[in-house]
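Enquirer: Have a look at this one before I ask anything.
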Amino acid sequence: MNASRKVLFNNTDPIELLPLLQASTLEVSLGLFKCRIIYSKQIEKIEFIPYQLPNITSLKIIIDDEIDYSHKYLNRNQLEKYYWQKGNCDDILIVKNGLVTDTSFANILFYNGIEWLTPANPLLKGTQRQFLLETEQITTAEIRPSDLKYFKKARLVNAMIRFEDEVDVEMKSIC
């Protein structure tokens, strides 16, 4: 968040989230919750939203060479316009400049039978993807749609979906 604030708003004063979250008066019952922080130069709102792991079994390939989602924006219109074009698929797989990037809400990994690879140029460099790279559980690669036939399966990860959650998509279900 602080890195995005620096780039988007030229604001270099870091915000310490832990005290703000600890001061929240919301009583969260047992279960999984997503914390959404809406901010500009300062924090505007903190929300806790019940979260359930998604059941994604198919992806539709969408091509857009102009799309930009390098930061988590509240306005997701660019992504949502394609989401509604997914047809019978559960989500979309975005291709930019001939390379696979991400789905509408997660980074994607591909397993080739030996190692897990993630697109070298995702739309958003997510925190779970970064953690997996730093711990050398995955590596980056330039992946073209024509390369998908060489993989055994795909896996989605984001801040709420860990690698171990195994939100997998069979390769035959990416079209």
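Start counting the sequence shown at 153; every next residue gets the next number (our numbering). Glycine included, each C-beta is placed from N, C-alpha and C at the ideal position. Small disclaimer: the values here were computed from a predicted structure and weren't measured.
1. List in chain order: all unbroken alpha helix (DSSP H) runs of 4+ residues lying wholly within the segment 198-278.
2. Can you name the residues that DSSP bridges to E322?
3. Kindly list the residues whose CB is nearer than 6 angstroms to the CB of G278, restricted to its own chain and excluding five residues on each side of it in sequence; keep chain order.
4. Taking C-beta to C-beta, are I214 and P297 nearer than 8 angstroms?
5. Which value, in whole angstroms, describes the spacing of the CA atoms of I189 and K197?
6. Less than 8 angstroms between the beta carbons of S256 and L231, yes or no?
7. Terminal residues of the continuous beta strand (DSSP E) containing T291?
8. I need the DSSP call for R296, collapsed to helix, strand or coil.
9. Report all residues from its chain with a CB closer than 7 angstroms to the CB of T177; omit the five preceding and five following residues, and keep chain order.
10. Among the residues of its own chain, which have a CB less than 7 angstroms from the CB of R314, if the five just before and after it don't count?
Expert: For this structure:
1. Every alpha helix (DSSP H) of 4 residues or more that sits fully in the segment 198-278 is shown, in chain order, as 229-235.
2. Counted from its first residue, the sequence shown places residue 322 at position 170. Looking at the DSSP assignment, E322 forms a beta bridge with K305.
3. Here the question's residue 278 lines up with position 126 in the sequence shown. Within the same chain, G278 has close Cβ partners N259 and N310.
4. On the sequence shown, residue 214 is found 62 positions in, with the first residue counted as 1. On the sequence shown, residue 297 is found 145 positions in, with the first residue counted as 1. No, these two residues do not count as a Cβ contact at 8 angstroms.
5. What you label residue 189 is simply residue 37 of the sequence shown in a count that begins at 1. What you label residue 197 is simply residue 45 of the sequence shown in a count that begins at 1. Taking the straight line from one Cα to the other gives about 6 angstroms.
6. The residue you call residue 256 lines up with position 104 of the sequence shown. The residue you call residue 231 lines up with position 79 of the sequence shown. It is a contact, given that the beta carbons lie within the stated cut-off.
7. Within the sequence shown, the letter at position 139 stands for residue 291. Looking at the DSSP string, the run of the beta strand (DSSP E) that includes T291 is T291 to A293.
8. The residue you call residue 296 lines up with position 144 of the sequence shown. Coil at R296, not helix or strand.
9. Taking the first residue of the sequence shown as position 1, residue 177 is located at position 25. Reliability of the predicted coordinates at T177 is poor, the pLDDT of 49 falling under 50, and the value obtained from them is presented with this limitation in mind. The same chain holds no residue with a CB closer than 7 angstroms to that of T177 once the five nearest residues on each side in sequence are set aside.
10. Within the sequence shown, the letter at position 162 stands for residue 314. Q280.
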